[in-house]
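Take a look at the structure below.
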Ligand SMILES: [Mg+2]
Ligand SMILES: [Zn+2]
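Residue numbers (this note's numbering): 2 to 187.
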């Protein structure tokens, strides 16, 4: 079955200008947990692919980030949405790493770990970096209008690399995704 590679902040949980630095600051967006459960019930495999530059900026200890993800995964699993893995870039923009989106490194790593080629994957995100990383990795992209989605939608990058479709939020994206996957398989 295909795999869905999800951005985290602004897609699954509320984005924060000052970064999510503790579990207490992690807020699931409305309907994001049931949305993930829809995908899991379809047998799709899920992975989270996220830039977490707060680590590289010295604002968040790697152990705290791991703890946030451990609790996020536990919460998702309890709600019927098993996530296979979390792939996080801990670097700051100035580190020049290959894994920070818009570079495709982290998506490529996730696909390798899941054993899926780009044509069997879909990426869901809210930012220009997500859009560009998916394009660079050759993965179809679904834009959600939560988080930075509205800003991304208005940007020329979005016309240059049109998403597979645009959804109001993760819930709408997950409702519409099966039809799009069938269309692509046909
Ligand atoms: Mg985001
Ligand atoms: Zn990185």
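Just so it is clear, CB atoms sit at the ideal spot from N, CA and C, and this is done for glycine as well.
Between which two residues does the beta strand (DSSP E) harbouring residue 51 extend?
-> Residue 51 -> beta strand (DSSP E) spans 46-52.
Going by CA-CA distance only, name the one from 182, 175 and 68 that's closest to residue 39.
-> Checked all of 182, 175 and 68; the closest Cα to residue 39 is 175.
What's the call for residue 30, buried or exposed, on a 16-neighbour Cβ count within 10 Å?
-> Answer is buried; the Cβ neighbour count reaches 16.
For the candidate residues 27, 139 and 144, whose alpha-carbon lies nearest to that of residue 8?
-> Nearest in C-alpha terms to residue 8, of all of 27, 139 and 144, is 144.
Can you give me the start and stop residues for the alpha helix (DSSP H) that residue 39 sits inside?
-> Residue 39 -> alpha helix (DSSP H) spans 33-42.
Between the CA atoms of residue 122 and residue 148 - distance to the nearest angstrom | Near 22 Å, if we compare the C-alpha coordinates of residue 122 and residue 148.
Which residue spans inside the region 130-172 form an unbroken alpha helix (DSSP H) run of at least 4?
-> Within the region 130-172, the runs of alpha helix (DSSP H) at least 4 residues long that lie entirely inside it are, in chain order, 150-155 and 157-161.
Is the distance from the Cβ of residue 51 to the Cβ of residue 107 below 9 Å?
-> For the 9 Å CB-CB criterion, residue 51 and residue 107 form a contact.
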